[in-house]
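I have placed the structure first, in the form of structure tokens, so that the comments after it can refer back to it.
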Amino acid sequence: MQHMHFYTSLRFGAFATLFWLLAQLAQAQTPTYVVSGTVVDARTGEGVPFSSVALVGRSVGVTSDDKGVFTLKTTRLTDSLYVSSMGFGIKRFALDKTKLNQVLLLKLPPAGRVLQEVVVRAGENPAWGILRNVRKNIDKNDRRRIRAYEYDSYSKTAVSLTHISDKLRSNPLIKKVMAAMDKKDSVTDDLGRKMMPLMMTESVSRYFYRESPERKHEDIVKTRLKGMDIVEPEILSQFVGGNALSYNFYQNYLRVLGKDFASPVGADWKGWYSMYLADTTKIGDFVCYEIQFDPKNKQDLVFTGKMYIDTTTFALTMIEAKVGAEANLNYVRRMEIEQELEPALDSAGNKIGWMPVSMRTTAEVYGVGKNSVGAMLQQTTRNSGFLLNQPKPLSYYDRTVSVADTAKSNTTALEELEGDDKQAALADEAYWANARKKLGGMDSLSTNDRKAQGLIDTLRAVPIVRTTEILTRIATTGWYRRGPVDWGPYPYAVAVNNIEGLRLRAGFRTNGNFSKSMVFRAYTAYGTGDARFKGGAELDFILSRRKWTIMGARASYDLDRLGFTPELINGNKIFQAFSRFGKYQGGFYNNQQEIYVRTEPLKGVMLTATLGDRTFVPTFPFHYRVNPEMDDNSPTRPDFTDSYWSVEARLARQETYVMDGNERIPVATKRTPVLWIKYQRGQRILGGDFIYHRFSFRAFQTLKFGKMGRSSYVLQAGYIPSRLPAPLLFPHTGNPTFFFAPNTFNRMQFYEFVSDRFMSLHWQHNFDGVLFNRIPLIKKLNWRLWGNADVLWGSRQPRSRQVDSPRPVPSGQPSTVFGVLNPDIPYIEAGYGISNIFKFLRIQAVHRLNYLTPGTDRFIIKGAVEFSF
């Protein structure tokens, strides 16, 4: 889950760092654009009186005079106009954003189709009858009903710095950049503000969809990147494909920036929106109802805008949806989504759904505080070449995204090339010229876009900017890339605890520049307190990328902690890093070796087989009985060797990944559960001390509850029928720190309870703004309400408890006693809290409801730092 937010927002933190260093560059005078001309009848050439002329994506427009003549003035120029009039269709006309003055002749086609009957009940809003028909015909119009489809996409994405503050203008580091940028022509946004382009990409892809079973695949055919070198081109190319920001408004909720926005044509449209039937007009070949929609509560996650519904099929033909500044959304000043759809025709010419042919998304983001800076992300996509009802074999969809050609990043100017390099560059230019003409059309690179590319080249030529790129990469990834080797990760570099004292750690890993089929990782650490060197090494061979298969081996010697296996802490690496600070309870020195094979024979089904052994040498007073049948007469010892083999299966059918070189990172999981099951067998081979069976299970899922928000749960269970020392059982993950950590027991001490059979449920629910959005004054704070419950059923059989030794250890200290749960009474915690305080702070109150022995704290308030939209 940590990776999911990280990559879904396209490394938003990377751009935040750059905003601070580049803010000075956005100051400019605001120009005035003048668009004038005449609206005429496309058949007769006569002027169309009193036509509506408006900028696409803005509530700015004028009405022509009685001869069809108009003049529109604005400081925010978009790339096109919408023109409409009664008895005529609505049509979009392109604008040249580089010209301050332009005169146009706009030809309007006539409207010419008979409207379908709409039943309007007495006293009812007339828009409601139309929306009911939209829902009634959703099975005919929603593209998800098509058995299979594929199409080509051309997409361009731009990220630019926009807003600045007076405080940042005096930064001396920026002046070097300004001196270079002042020599170039400026680029402005639709508000007339000067922008500093940071990144621009173009992408050509082919998208594939199969309805049953639902599968998706996108081939990124070619990508060109110009911009700040803060994200690997391979990663970026997987996020800027034609369907990275493709939204289906027929769904009840749209997942935007990690939030669930209610669709204006979703099942509960009446509960979220106020609807108004504004007009009937023509869009292309379709006569449409124009319906305007506004949120009933501006703080809710909803849109405002207008949509056009075909009068014969009640299909959505076009929509302009905006997110208001008052919505309970962080860092976003405005967001606009525009889509145009056309009917999809089967081989017999029948309409079997509507496909998006043009998509535009604009998002303007800001930081926290009055001195924050802002940036704008713009993506435009044009789809064509639709092929319907010809599904590919299931294996074709095994990889959600594949990159057919390495992204070209910051290519060298043609005049600086020669020989084969120049010929390759010319061929590449020819490819893009053809792709823009054939696939991009009017949505391909504009004059303004080309100017922005030149500004990016100038920006990257400044030495301080190259340094900024390196620092930003380190801050956002934790690694410093130097050729074929990444050094880090830096969050683990320093720790202080009562056993190791000051712990210093350094490590590295090879990347794709070293090898595409092999990864080597290693680290070394030293503690000033225990005066011990630790370290580890791991070697992986990638045998297949299509059906992800790796074979590897690893060895390590380090200080570990009871209960902090990856499966028990649900992969929470941040929690694991912070756990090395302070009092290190339950520590033990572990010398571990493993060999393993991992493969994905079917999409979403990962199988792993492992053979290994490890040692356990505790740093706390602990002994166990070697021969439990002898009771107190049994010899005792503190350490043991565990030799084992294991097999595990992970089922995540709807999970998607991105490839970061040789690393495969999950970024999104649909609402189907992710299941994990593992069997481990202890053996006396390789010097093992125990023979045992160990079964483990885990499930994770997120659930949407409409207006009430979103829940997530982690369900875990384990069973060990064998008799083993407590450290080899299931130590339950307590969290006695002041930091709140989901999916742990926040009022339980470290290894306070140990079980040989257990089941636990960690549940938390984010109500978003369902309560606070409706309380005056408080609703402006954008707070979000949380609830959580953590329940644990567990026990330890008497036969297993015989292994415990109650006698003092040889040093005279009492041996550590692990608590045992009553199988009839579950351990329960419950909590509630508020997040998004100052946009990053979460405060959670946690109650421990039972197992309240003397000295046990029943209640605590904890804090956490969370960044999300």
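Numbering (our numbering), first residue to last: 1 to 869.
Using N, Cα and C, we set each Cβ at its ideal position, and we do this for glycine too.
8 Å contact criterion, which residue i and residue j should meet: CB distance rounded
i	j	result
Leu686	Asp613	5 Å
Val617	Asp631	25 Å between Cβ atoms; not a contact.
Val332	Val365	6 Å
Asn788	Gln764	4 Å
Thr381	Ser84	With a Cβ gap of about 25 Å, Thr381 and Ser84 do not count as contacting.
Gly507	Gly478	Gly507 to Gly478, Cβ: 10 Å. No contact.
Gly794	Arg747	Contact flag wrong, Cβ pair sits at about 16 Å.
Gly68	Ser51	6 Å
Pro356	Ser203	At roughly 16 Å, the Cβ-Cβ gap does not stay under 8 Å, so Pro356 and Ser203 are not in contact.
Lys216	Thr400	6 Å
Pro126	Leu341	About 23 Å; that fails the 8 Å criterion.
Own chain partners of residue i with C-beta closer than 6 Å, once the 5 adjacent residues on each side are dropped
i	result
Leu22	Confidence at Leu22 is low in this model, with a pLDDT of 43, below 50, so its placement is unreliable and no value can be given for it.
Arg113	With a pLDDT of 48 at Arg113, under the threshold of 50, the predicted position of this residue should be treated as unreliable, though the coordinate-derived value follows. Here the set comprises Val287.
Tyr308	Ile283, Cys288, Glu290, Thr317, Met318
Gln27	Residue placement at Gln27 is flagged as unreliable, the pLDDT there being 38, under the threshold of 50; the coordinate-derived value follows with that caveat. Contacts found: none.
Val56	Thr78, Ser80, Tyr82
Gln29	At Gln29, the pLDDT of 41 sits below 50, so the modelled position is not reliable; the number obtained from the coordinates is stated separately. Same-chain partners within the cutoff: there are none.
Arg650	Met606, Trp676
Trp128	none
Leu115	Any reading at Leu115 must be qualified, since the residue scores a pLDDT of 46, below 50, and its modelled position is unreliable; the value itself is stated next. Hits under 6 Å: Thr311.
Leu611	Ile595, Trp645
Ile834	Trp783, Ile843
Met442	Ala94
Gly13	The predicted position of Gly13 is uncertain, since its pLDDT is 45 and thus under 50; a value taken from the coordinates is nonetheless stated next. Thr476.
Phe730	Gly718, Ser755, Phe758
Arg206	Asp152, Asp219
Closer than 6 Å: residue i CB and nearest the ligand PLP heavy atom
i	result
Lys780	Among the components modelled here there is no ligand, and therefore nothing to report on the ligand PLP.
Which residues DSSP lists as bridging residue i, in chain order
i	result
Val494	Leu504
Lys437	Its beta-bridge partners do not exist; DSSP assigns none.
Leu703	Ser711
Val930	Limits of the chain in this structure are 1 at one end and 869 at the other, which puts residue 930 out of reach.
Ser868	For Ser868, which the question treats as bridged, DSSP gives no partner whatsoever.
Asn613	It is Asp, not Asn, that sits at residue 613 in the sequence shown. According to DSSP, which records beta bridges pairwise, Asp613 is partnered with Gln593, Ser643.
Leu316	Ile309
Asn383	Ser153
Asp660	Glu663
Val265	Per DSSP, none; premise fails for Val265.
Thr304	Lys322
Cβ neighbours of residue i in the same chain (closer than 7 Å, five flanking residues each side left out)
i	result
Ala580	For clarity, residue 580 is Arg in the given sequence; the question names Ala instead. Correct list, in chain order: Ala495, Asn497, Arg503.
Pro491	Gly478, Ala577
Arg481	Arg473, Asn511
Short CB-CB distance (under 7 Å) between residue i and chain C
i	result
Ser402	Although the question refers to chain C, the structure presented lacks it and comprises just one protein chain.
CB of residue i within 7 Å of CB of residue j, strictly
i	j	result
Val62	Phe70	yes
Gln680	Arg671	no
Leu459	Val465	yes
Asn389	Ala148	yes
Val48	Val39	yes
Met551	Phe564	no
Lys97	Asn448	yes
Phe871	Tyr526	Nothing can be reported for residue 871, as the shown portion of the chain is limited to 1 through 869.
His623	Ser800	no
Phe869	Leu329	yes
Thr75	Thr32	yes
Thr201	Thr157	yes
Phe838	Val865	no
Gly324	Lys296	no
Ser556	Gly536	yes
Residues near residue i in its chain [Cβ-Cβ closer than 8 Å; skip 5 each side]
i	result
Val485	Phe508, Arg509, Thr510, Asn511, Phe514
Ile146	Tyr209, Glu211, Ala344, Ile352, Gly353, Leu388, Asn389
Review point. Touching or not, the region 657 to 668 and the region 678 to 693, by the rule of three or more beta carbon pairs under 8 Å?
Key: no
Practice item. Evaluate contact between the region 584 to 603 and the region 544 to 563, counting only Cβ atoms and requiring at least three cross-stretch pairs below 8 Å. Key: yes
Review point. Can we say the region 700 to 710 touches the region 256 to 272, given the rule of at least three CB pairs closer than 8 Å?
Key: yes
Check your understanding: Are at least three pairs of beta-carbons, each pair with one atom in the region 816 to 833 and one in the region 846 to 853, less than 8 Å apart?
Key -> yes
Check your understanding: Taking one C-beta from the region 795 to 815 and one from the region 762 to 776 each time, how about it: are there three or more such pairs within less than 8 Å?
Key -> no
Exercise for review: Mind the definition here: the region 739 to 750 touches the region 621 to 630 only if three or more C-beta pairs lie below 8 Å; say whether that holds.
Suggested key: no
Exercise for review: Could you tell me whether the region 641 to 661 touches the region 713 to 720, using the rule of 3 or more Cβ pairs below 8 Å?
Suggested key: no
Check your understanding: Do the region 245 to 262 and the region 435 to 450 touch if we need at least three Cβ pairs shorter than 8 Å?
Key -> no
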